[in-house]
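A.B. asks: Next up is a structure, given as structure tokens.
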Amino acid sequence: MDLGDIVLSWLTQDIINDDLYKGRCFQATPCSFLSLDHYLKSYRAPLIEEIRSNLCSRLELIVEGPTSKILSMEATQKPEVYYMDVDFGDYGAVYSVEAHTVRYGDVFILSSVKSEATEDFSCYGVTYYLAMVTDICMDDNDECQKHFKIKVAKDIGLEEDLQKLRYAIFLGNIIKNMWIWKALSFDKHMNNNFTLIESLLAPTNSGGDVCGICAKHGGEHLACFTEQLLAMNRNKLQMDVIESVISIVRCRHLNLMKLIQGIPGTEKTHTVSALLWALASMKCITLTRAPTNVVVIGVCTHFLQNFKDFNKTIDDNGLPFSLGDVLLFGNKYKINITGDL
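All residue numbers for the sequence shown refer to UniProt numbering, where the first residue is 1 and numbers rise by one.
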């Protein structure tokens, strides 16, 4: 079942029910898994519970959230999909001074009343639907949002029922959860490549994730970067992490994957930026993702500083690497690009 369909099937009573997934979400994660499918499925129920909990928090403070007037709603050829236009002048929002920008994956309550409490939706005569944005239509200049498509759990039905819905109440965005759900819903029959995932999950003997040939070279891989990395104030553990990754990258004998973890406060952002600099110096094509825009900016800022400090070094080909080889992808509405970035 699609994650969006699961969320849209909820009533407000379901969202505020902390026991909705009791028994399925709070079981201890096993130390070992019977199969890849067992591993992936073990994270689905907790993901759904996380969404419910987040929406519940917003629902409890619904009076403070963006509540906007619905200007129009039109049916489409699909019974559960509608075109909707709203006045997002932040009508009634307390915590924000800016108009809400609709994004794919936004979840709204479409209601016949402007609610001030969760209990209002249970009152006699109140009509409401949970809806999710599935598409956004822009103007001819691709600057302003004209209207957007929404999906509901069931067909609203008659035109008079559409006219009852007067307010759109923003609850939250679940697009990142949908990406995770898609990753957890991989099916081997869909022709996906699970080689790397299975190699990471498979039990191995001690040292099984190290190439025996490359291990003989010890720290030679890091030798050309040692002076610069020490200048970045990397400690012994961080240097070992960088050496381990560089060894894997340079290995031509095995395809290896390594999971490196760090508790909060261990300067993972600094270590990643130092590693990125080293890999860029090696002319390696590297993709780096981060969980928040703040971390993205942090990694980029430290990487740029390393570039300025150490790019005077000439490589074997006589050319330093260029910032023209570096691309930053992000949400233009959320990433605050300032200064040199």
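The beta carbon of each residue, even a glycine, is placed where N, CA and C say it ideally should be.
No experiment lies behind these values; they were computed from the predicted model shown.
State yes or no: is the C-beta of residue 172 within less than 8 angstroms of the C-beta of residue 272?
C.D. replies: No.
A.B. asks: In the structure shown, what three-state DSSP assignment does residue 108 receive?
C.D. replies: strand
A.B. asks: For residue 115 and residue 165, what's the separation of their Cα atoms in angstroms?
C.D. replies: 12 angstroms
A.B. asks: DSSP beta-bridge partners for residue 173?
C.D. replies: 106
A.B. asks: In three-state terms, what does DSSP make of residue 282?
C.D. replies: coil
A.B. asks: Closest to residue 47 by C-alpha separation, out of 55, 60 and 180, would be which residue?
C.D. replies: 180
A.B. asks: Could you tell me whether the region 28-44 touches the region 4-14, using the rule of 3 or more Cβ pairs below 8 angstroms?
C.D. replies: no
A.B. asks: Let me know if residue 327 comes out buried or exposed under the rule of 16 or more other beta-carbons within 10 Å of its beta-carbon.
C.D. replies: exposed
A.B. asks: Locate the alpha helix (DSSP H) running through residue 239, then write down its first and last residues.
C.D. replies: Boundaries of the alpha helix (DSSP H) harbouring residue 239: 236-250, taken from the DSSP string.
A.B. asks: Around the C-beta of residue 124, are 16 or more other C-beta atoms found within 10 angstroms, so that it is buried, or is it exposed?
C.D. replies: exposed
A.B. asks: Under the assumption that residue 110 contacts residue 168 (Cβ atoms under 8 angstroms), give the Cβ distance between them as a whole number of angstroms.
C.D. replies: 6 angstroms
A.B. asks: Got a sec? Which residues, its chain only, sit under 8 angstroms from residue 34 by beta carbon, not counting five neighbours each side?
C.D. replies: Residues of the same chain with their beta carbon placed closer than 8 angstroms to that of residue 34 are lacking, with the five preceding and five following residues left out of the count.
A.B. asks: Would you tell me roughly how many angstroms separate the C-alpha atoms of residue 132 and residue 4, rounded to the nearest one?
C.D. replies: Looking at the backbone, the Cα of residue 132 and that of residue 4 are separated by about 8 angstroms.
A.B. asks: Could you check the C-alpha separation between residue 51 and residue 36 for me, to the nearest Å?
C.D. replies: 24 angstroms
A.B. asks: In its own chain, which residues sit with a C-beta less than 8 angstroms from the C-beta of residue 155, not counting the 5 before and 5 after it?
C.D. replies: 79 and 80
A.B. asks: What's the gap between the Cα of residue 19 and the Cα of residue 303?
C.D. replies: Distance from the CA of residue 19 to the CA of residue 303, rounded to the nearest whole angstrom, comes to 45 angstroms.
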